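Undergrad: This is the structure, below, for whatever I ask next.
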Amino acid sequence: MIRYQIGSRHPASHYFDVSISIEHPDPSGQALRLPNWIPGSYMIRDFARNLLDLRAADAAGNVVIEQIDKSNWRVAPCAGELTLSYRVYANDLSVRAAHLDHSHGYYNGSSVFLEVLGQSEQPCEVRIERPGGAGCADWRVATALRRKQAEPYEFGLYEALDYDDLIDHPVEMGCFTRVAFEACGVPHDIILSGRFDCDEARLADDLRTICEHHIRFFGEPAPMHYYQFQVLVVGEGYGGLEHRASTSLVARRDSLPKPGQPEIDDDYRDFLGLCSHEYFHTWNVKRIKPEVYRPYDLQSEVYTDLLWAFEGITSYYDDLALLRCGLIDAQSYLELFAQTLTRVQRGRGRLRQSAAESSFNTWTKFYKQDENAANAVVSYYAKGCLIAACIDLKLRALSAGAKSLDDVMRHLWQDYLRDGRGVERDGIQQVINKIAGADLGIFLDELIYGTGDLPLVELLADAGIGVVQRVAKNSQEKGGKAASGKLPAVDLGAGLKDGADGLEVLRVTEEGSLQTAGLSAGDVIIAIDGLKLNLAKLESCLLRASAGDVLTVHAFRRDELNQFDVTLQAAREDTFVLEVADAERARWSWLGL
538 MIRYQIGSRH PASHYFDVSI SIEHPDPSGQ ALRLPNWIPG SYMIRDFARN
588 LLDLRAADAA GNVVIEQIDK SNWRVAPCAG ELTLSYRVYA NDLSVRAAHL
638 DHSHGYYNGS SVFLEVLGQS EQPCEVRIER PGGAGCADWR VATALRRKQA
688 EPYEFGLYEA LDYDDLIDHP VEMGCFTRVA FEACGVPHDI ILSGRFDCDE
738 ARLADDLRTI CEHHIRFFGE PAPMHYYQFQ VLVVGEGYGG LEHRASTSLV
788 ARRDSLPKPG QPEIDDDYRD FLGLCSHEYF HTWNVKRIKP EVYRPYDLQS
838 EVYTDLLWAF EGITSYYDDL ALLRCGLIDA QSYLELFAQT LTRVQRGRGR
888 LRQSAAESSF NTWTKFYKQD ENAANAVVSY YAKGCLIAAC IDLKLRALSA
938 GAKSLDDVMR HLWQDYLRDG RGVERDGIQQ VINKIAGADL GIFLDELIYG
988 TGDLPLVELL ADAGIGVVQR VAKNSQEKGG KAASGKLPAV DLGAGLKDGA
1038 DGLEVLRVTE EGSLQTAGLS AGDVIIAIDG LKLNLAKLES CLLRASAGDV
1088 LTVHAFRRDE LNQFDVTLQA AREDTFVLEV ADAERARWSW LGL
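Below is the structure:
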């Protein structure tokens, strides 16, 4: 048994105090390490940079520790039980690491618990202690870890099967609100931390509907005996990270359902989609996963070109489940799907990078995006979602609606239950071919490894869905809805926002109006044709402009004032709207109307 203890003497300092007791350390010297990344978030994060004051001792006193590299240590040979102690600086308010202050505490085990090498398969205990200070007297604990000597939601002793299990159950502590429900007989908790106003009964009912759908989609029983949604409610923020029996979420206050709110507005719809996405991961990536992730190597990058499937297929089903559950209608779903299509088509990166390449290079490109990202990379989430739709529509068309991507996912799940193996590089394609009863190799290769536009217009037409392609109304429009009013004939080819000193250029489209004239991301536009404009006034002016018109733009680059002559280009038709063209065909072929 490896015994961990975590607490904090002074939470406002952002420090967790951690200790480890190793009853039988390696007699040649005990090796220890901390992960460099966390599963589900594919970027080297160097969690060890936050580890301080590492000490080791045995019954005779202090023991020498040698640091091998940035995240590995070795303790000198010692007699009997070895105890280590250290502190972890926790001030990352996200779902990926750890955060601690006077209001709450949160951690992922991968950022706070050293792994005892050679004993990683041993059972673990972790004593979660109440942080010091009067302000923590009413704090409670929320985690999917199994209780050993602790009352429900209280500090005390918890246990894990091994180190991998220990770091896959995040912990939230503080004065949170708990909302409970059951889905297919499995207890679920929603843990809400932060300040919010929420219709808790409505939230529980809607999440129950989603969870029961996913469980029944793959087949009962569910793969976990208990599940927890940990939701940190903030003013601005969005994100989620999946775990084997829980998910950590960051959500805006406005995204929660308000008391007396009858409809599902756009904000709440987005939150339900996020919950649906992370819950679907309970099957797709936490259990069904690439073979190279079995087991995870958390010290260095692990490359796979399959993330388009594990994130993209999950992104396809997250909103589709809301439709199938009856939480949103077909019009709402088509709006969401059209927004994804719009997002992909607006990026020039889709013509440079395939979904497989995006997956493979996630470590250095997708998770490290800069101002040129839209020109250089494509999201394996968004394009993967569109690829999943193409596969689904193709299978339905080939089988007159008898087969679909649903059958592929259930087949993968049954394969996992049968032998527990991971998915090889071509494993998903093999299953698709098996379900199709035909070799779809060329079709799949073009979707996954190609950089051409996807055949969605044709496939959607076969499913009774029409595609309208038009220019954007303004820079904030996400697509998905029919246009109202006049549309601009020109496009600056840039992302702008109002700043204190002028219009800030966030990004420029390759070969667009601004880039062709010489402007770039980071410039601050202070005048156009001699006038100071905000974003709203600029877009109003563009409604009156024509392709070929020339604007005189004054902008600061760093502290230098520059003048640019911008020739306006015709607006691109990169905004999409989907509509039901043939209700009967859409009913049996895709949407189930």
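Taking the numbering used here, the leading residue of the sequence shown gets 538, the next gets one more, and so forth.
For glycine and all other residues, C-beta sits at the position ideal for the given N, C-alpha and C.
Since the model is a prediction, treat every value here as computed from it, not as a measurement.
Would you report the Cα separation of A1019 and F1113, rounded to the nearest angstrom?
TA: In the sequence shown, residue 1019 corresponds to position 482, counting from 1. In the sequence shown, residue 1113 corresponds to position 576, counting from 1. Each residue's alpha carbon lies about 9 Å from the other.
Undergrad: What residues match up with W1133 in a beta bridge as DSSP calls it?
TA: Residue 1133 falls outside the range modelled here, since the chain spans only 538 to 1130, and no answer is possible.
Undergrad: With respect to the beta strand (DSSP E) encompassing D590, which residues constitute its N-terminal and C-terminal limits?
TA: What you label residue 590 is simply residue 53 of the sequence shown in a count that begins at 1. Element bounds for D590: 588-595.
Undergrad: Mind checking who I543 pairs with in its DSSP beta bridge?
TA: If you number the sequence shown from 1, residue 543 lands on position 6. Its beta-bridge partners are V555, I665.
Undergrad: Can you give me the Cβ contacts of V600 inside the same chain, cut-off strictly under 8 Å, excluding the 5 residues immediately before and after it?
TA: Numbered from 1 along the sequence shown, position 63 holds the residue referred to as residue 600. Around V600: A593, A594, V612, A613, C615, L619.
Undergrad: Pull up the CB-CB distance for V768 and S730, whole angstroms please, since I reckon it's below 8 Å.
TA: Within the sequence shown, residue 768 is the residue found at index 231, counting from 1. Within the sequence shown, residue 730 is the residue found at index 193, counting from 1. Between S730 and V768 the Cβ distance is about 7 Å, and since that is below 8 Å, they are a contact.
Undergrad: So I924 is in the alpha helix (DSSP H); what residue range does that whole segment cover?
TA: Indexing the sequence shown from 1 puts residue 924 at position 387. Counting along the chain, the alpha helix (DSSP H) containing I924 begins and ends at 919-935.
Undergrad: With 16 other CB atoms within 10 Å as the buried threshold, where does I525 fall?
TA: In this structure the chain extends from 538 to 1130, so residue 525 is not present and cannot be described.
Undergrad: Do V914 and L843 have their beta-carbon atoms positioned less than 8 Å apart in this structure?
TA: Taking the sequence shown and counting its residues from 1, the one referred to as residue 843 is at position 306. Taking the sequence shown and counting its residues from 1, the one referred to as residue 914 is at position 377. Taking 8 Å as the Cβ cut-off, L843 and V914 do not qualify as a contacting pair.
Undergrad: For T988, list the residues DSSP reports as bridge partners.
TA: Stepping through the sequence shown from its first residue, residue 988 is reached at position 451. DSSP, once it has assigned bridges, lists no residue as partnering T988.
Undergrad: Leaving aside the five residues before and after W900 along the sequence, list all residues of the same chain whose C-beta is less than 8 Å from its C-beta, in chain order.
TA: In the sequence shown, counting from the first residue as 1, residue 900 sits at position 363. Closer than 8 Å at Cβ, skipping near neighbours: Y579, M580, I581, E838, Y840.
Undergrad: According to DSSP, which residues form a beta bridge with M580?
TA: In the sequence shown, residue 580 corresponds to position 43, counting from 1. M580 is not bridged to any residue.
Undergrad: For L637 and L569, I'd like the C-alpha separation in whole angstroms.
TA: On the sequence shown, residue 637 is found 100 positions in, with the first residue counted as 1. On the sequence shown, residue 569 is found 32 positions in, with the first residue counted as 1. The straight-line gap from Cα to Cα measures roughly 24 Å.
Undergrad: To the nearest whole angstrom, what separates the beta carbons of L621 and I557, a pair I think is in contact under 8 Å?
TA: Within the sequence shown, residue 621 is the residue found at index 84, counting from 1. Within the sequence shown, residue 557 is the residue found at index 20, counting from 1. Between I557 and L621 the Cβ distance is about 5 Å, and since that is below 8 Å, they are a contact.
Undergrad: Using the Cα positions of L1128 and A1092, report the straight-line distance between them to the nearest angstrom.
TA: Counted from its first residue, the sequence shown places residue 1128 at position 591. Counted from its first residue, the sequence shown places residue 1092 at position 555. Roughly 49 Å between the two C-alpha positions.
Undergrad: For G1001 versus A1123, is the C-beta distance shorter than 8 Å?
TA: Here residue 1001 corresponds to residue number 464 of the sequence shown, with the count starting at 1. Here residue 1123 corresponds to residue number 586 of the sequence shown, with the count starting at 1. G1001 places its beta carbon less than 8 Å from that of A1123.
Undergrad: What whole-angstrom Cβ distance do L571 and F584 have, given they're in contact under 8 Å?
TA: Against the sequence shown, residue 571 aligns to sequence position 34. Against the sequence shown, residue 584 aligns to sequence position 47. That belief holds up - the Cβ atoms of L571 and F584 are roughly 5 Å apart, short of 8 Å.
Undergrad: Mapping DSSP to helix, strand and coil, what is F718?
TA: Indexing the sequence shown from 1 puts residue 718 at position 181. Three-state result, F718: strand.
Undergrad: Answer with buried or exposed for L954, where buried requires no fewer than 16 other C-beta atoms within 10 angstroms of its C-beta.
TA: Translated into positions along the sequence shown, residue 954 becomes position 417. L954 should be labelled exposed.
Undergrad: Can you give me the Cβ contacts of L793 inside the same chain, cut-off strictly under 6 Å, excluding the 5 residues immediately before and after it?
TA: Position 256 of the sequence shown, counted from the first residue, corresponds to residue 793. Closer than 6 Å at Cβ, skipping near neighbours: F733, C735.
Undergrad: So, for V1117: in the same chain, excluding its five sequence neighbours on each side, which residues have a beta-carbon less than 6 Å away from its beta-carbon?
TA: Numbered from 1 along the sequence shown, position 580 holds the residue referred to as residue 1117. A1123, listed in sequence order.
Undergrad: Closer than 7 Å by C-beta to D629: which residues in its own chain qualify, once you throw out the five before and the five after it? Chain order, please.
TA: What you label residue 629 is simply residue 92 of the sequence shown in a count that begins at 1. Only A635, H636 meet the Cβ criterion.
Undergrad: Which of the three DSSP states is assigned to R824 in this structure?
TA: Taking the sequence shown and counting its residues from 1, the one referred to as residue 824 is at position 287. Coil, per DSSP.
Undergrad: Once the 5 residues before and after A1024 are set aside, which same chain residues still bring their CB inside 7 Å of it?
TA: Here residue 1024 is taken as the residue at index 487 of the sequence shown, counted from 1. Note on identity: in this sequence residue 1024 is Leu, with Ala being the wrong assignment. The residues are R1007, V1008, K1010.
Undergrad: Give me the Cα-Cα distance between I1063 and L588, rounded to the nearest whole angstrom.
TA: The sequence position of residue 1063 within the sequence shown is 526, counting from 1. The sequence position of residue 588 within the sequence shown is 51, counting from 1. Using only the alpha carbons, I get a separation of about 45 Å.
Undergrad: Smallest Cα separation from S916: which of V945, D590, R933, R889?
TA: Position 379 of the sequence shown, counted from the start, is the residue given in the question as residue 916. Comparing Cα positions, the closest option is R889.
Undergrad: What's the C-alpha gap between R790 and V770?
TA: Position 253 of the sequence shown, counting from 1, holds the residue named residue 790. Position 233 of the sequence shown, counting from 1, holds the residue named residue 770. Between the alpha carbons of R790 and V770 lies a distance of about 6 Å.
Undergrad: By how many angstroms is the C-alpha of L1115 removed from the C-alpha of T877?
TA: Your numbering for residue 877 matches position 340 in the sequence shown. Your numbering for residue 1115 matches position 578 in the sequence shown. Between the C-alpha atoms of T877 and L1115 there is a straight-line separation of about 11 Å.
Undergrad: State buried or exposed for Y986, treating a residue as buried only when at least 16 other CB atoms are found within 10 Å of its CB.
TA: Mapped onto the sequence shown, residue 986 falls at position 449. By the 10 Å Cβ count, Y986 comes out exposed.
Undergrad: Which residues does DSSP list as the beta-bridge partners of R684?
TA: In the sequence shown, counting from the first residue as 1, residue 684 sits at position 147. Paired residue(s): Y695.
Undergrad: Rank L1075, F713, D743, E709 by C-alpha distance to the C-alpha of E719 and give the top, closest one.
TA: Reading the sequence shown from its first residue, position 182 is the one you call residue 719. With distances taken between Cα atoms, E719 lies closest to D743.
Undergrad: Just to check my reading of the structure: A681 and A782 have Cβ atoms closer than 8 Å, yes? What is that Cβ distance to the nearest angstrom?
TA: For the purposes of this step, residue 681 is taken as residue 144 along the sequence shown, with counting starting at 1. For the purposes of this step, residue 782 is taken as residue 245 along the sequence shown, with counting starting at 1. That pair is a contact at about 4 Å.
Undergrad: Would you call the region 1092-1109 and the region 1051-1067 touching, i.e. three or more CB-CB distances under 8 Å?
TA: yes
Undergrad: Determine the extent of the alpha helix (DSSP H) in which M710 is found, giving its start and end residues.
TA: Mapped onto the sequence shown, residue 710 falls at position 173. Where M710 is concerned, there is no enclosing alpha helix (DSSP H), although the beta strand (DSSP E) it sits in stretches over 708-711.
Undergrad: Report yes if the CB atom of P660 is closer than 8 Å to the CB atom of L698, and no otherwise.
TA: Taking the first residue of the sequence shown as position 1, residue 660 is located at position 123. Taking the first residue of the sequence shown as position 1, residue 698 is located at position 161. Going by C-beta atoms, P660 is nearer than 8 Å to L698.
Undergrad: Per DSSP, L729 forms a beta bridge with which residues?
TA: As a first step, residue 729 is located in the sequence shown; it is residue number 192 there, counting from the start. DSSP lists T714, V768 as partners of L729.
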